[in-house]
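Written below as C-alpha cells is the structure these notes are about.
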Amino acid sequence: MTSYGYHVIASSAAAVVARVCTHPLDTLKTRLQVANEPIHFRTLPETYAKFIRTNSIASLYRGLPVSLVFSVPALSIYLSCYDITSGYLDKSTSLSRNHSTNHLLSGFVAEIFASLAFTPMEVMKNQLQTTKQSESTLSLASRIWRVEGLPGFFRGYTMSLAVFVPYTMTYFAVYEKLKSYMAQHYLSSPLNTPVKTDSMVSQLPFAAYMASSTIACAIGITISTPLDIVKTRWQISFSEQGTAYKGGPVYIIKQMWQQGGYRAFSRGMLTRICWGIPSTAISMTIYESIKDWYAMEHQNH
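Structural data, given as C-alpha cells:
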C-alpha cells in the first residue's frame with residue numbers, strides 16, 4: 168500500500184474513534200452556544216445533569232450518523248493536505264518542516280479544502296443536535312435542498328474559515344513546536360532510539376503526541392470560540408427562518424451583545440474545550456501512531 172493509502176487509513180480511523188467518543192460533549196457544546204436564556208449553573212457536571220433531566224441520553228447522539236459520514240473524508244482531506252503541503256514547502260522552498268511559517272501555511276491550505284466537507288456536516292449536525300423534534304438526516308437534507316438548494320449545505324463556509332483558519336494555524340504552529348521540543352528531549356535520553364526530527368515521522372511516544380495536541384488545542388479553541396458561536400447560530404438559523412436567518416452574522420453578533428454582552432461570546436467555551444481536547448488528541452495520536460508504524464515497516468523493507 169502507498170504512503171497516501173496509509174494516510175487515508177490513519178485519518179479515517181482517527182475520525183471515527185474521536186467522533187464516537189466525544190459526540191455527546193459536542194452536542195452539549197452546540198446546545199449551550201445557541202441557547203438564549205442565561206446559564207444559572209456553573210459547573211460542567213451541573214450542565215450535564217440539567218441536560219439529562221430535560222432530555223434523553225439518546226439525544227446526546229443526535230447528528231452522529233451524519234458526523235461519521237462527513238468527518239471521515241473531511242479529516243482525511245484535512246490531515247493529508249497538511250502533510251502534502253508541508254512536504255511540498257519543505258522540498259520546493261526554504262521553509263523546512265520545522266519552520267513555523269511552514270506550519271502556518273500548511274494549516275491554512277488544509278482548512279480551506281477540508282471545510283468543503285466539514286461545512287455540510289456542521290450545517291446538518293448542528294440542526295439535528297439543537298432541534299427538540301426528532302428528524303432523520305435524509306429528511307433534513309431534503310428540506311435544505313428544497314428551500315436553499317446546494318448553497319444551503321455550505322451556509323457559514325466563510326464563517327467556518329474565519330473560525331477554523333486561525334484555529335488550525337495556531338494549532339499546528341504550537342503542536343509542531345511542542346512535538347519538536349519533546350523530540351529533542353526524547354533524543355537526549357540514552358534509553359531511547361534516535362528520533363528523526365527533520366522528517367515527517369518523529370516516532371515519539373504515544374503520550375508525547377497526546378500532550379502536544381492537548382496544549383495546542385486548548386490555545387486554539389480559546390482564540391476561536393467567539394466566532395464559532397456566531398457560526399453555529401448562523402448555521403442553525405435555517406430551521407428557525409427568523410430574523411437571524413435573514414439578518415446574517417452581523418445581526419447575530421449585535422443580538423448576542425445586546426442579550427449577554429461580552430459573556431455571550433464565551434458561552435460554552437469550557438464545554439468546547441472539554442470536547443475539543445479529547446477529540447483532537449485522539450485524532451492526532453491515532454493518526455501519528457499509524458504514520459509512525461507505516462514508516463517503520465517501510466524502512467524495514
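Quick note: the sequence shown, position 162, residue 329 per this note's numbering, numbers continuous.
C-beta atoms are modelled at their ideal positions from N, C-alpha and C, and glycine is treated no differently.
Taking residue i and residue j to be in contact with their CB atoms under 8 angstroms, please state how far apart those CB atoms are, rounded to whole angstroms.
{"i": "S267", "j": "A340", "result": "6 angstroms"}
{"i": "Q385", "j": "L371", "result": "For the sequence presented, residue 385 should be read as Ala rather than Gln. At roughly 19 angstroms, the Cβ-Cβ gap does not stay under 8 angstroms, so A385 and L371 are not in contact."}
{"i": "W401", "j": "I419", "result": "6 angstroms"}
Assuming contact is defined by CB atoms lying nearer than 8 angstroms, are residue i and residue j in contact in what I supplied?
{"i": "G323", "j": "K398", "result": "yes"}
{"i": "F218", "j": "R198", "result": "yes"}
{"i": "V233", "j": "L295", "result": "yes"}
{"i": "F321", "j": "P287", "result": "yes"}
{"i": "Y249", "j": "S273", "result": "yes"}
{"i": "Y338", "j": "A383", "result": "yes"}
{"i": "S380", "j": "T325", "result": "no"}
{"i": "Y461", "j": "I390", "result": "no"}
{"i": "S243", "j": "S179", "result": "yes"}
{"i": "Y376", "j": "A181", "result": "no"}
{"i": "I403", "j": "V236", "result": "no"}
{"i": "P393", "j": "S433", "result": "yes"}
{"i": "T189", "j": "S446", "result": "yes"}
{"i": "F275", "j": "A241", "result": "no"}
{"i": "N265", "j": "L256", "result": "no"}
{"i": "A308", "j": "M291", "result": "yes"}
Can you name, in chain order, every residue of its own chain whose Cβ lies under 8 angstroms from the Cβ of residue i, other than the five neighbours on each side?
{"i": "L328", "result": "E278, I279 and S282"}
May I ask you to report which of helix, strand or coil DSSP gives residue i?
{"i": "G316", "result": "coil"}
{"i": "P361", "result": "The predicted position of P361 is uncertain, since its pLDDT is 48 and thus under 50; no value can be drawn from it."}
{"i": "H266", "result": "coil"}
{"i": "Q200", "result": "helix"}
{"i": "P191", "result": "helix"}
{"i": "S234", "result": "helix"}
{"i": "L371", "result": "coil"}
{"i": "T286", "result": "helix"}
{"i": "N293", "result": "helix"}
{"i": "E302", "result": "coil"}
Who are the near neighbours of residue i in its chain, counting only those whose CB is closer than 7 angstroms to its CB and skipping five residues on each side?
{"i": "R229", "result": "T194, L295 and Q296"}
With a CB to CB cut of under 6 angstroms and the five nearest residues on each side skipped, what residues in its chain are close to residue i?
{"i": "S456", "result": "none"}
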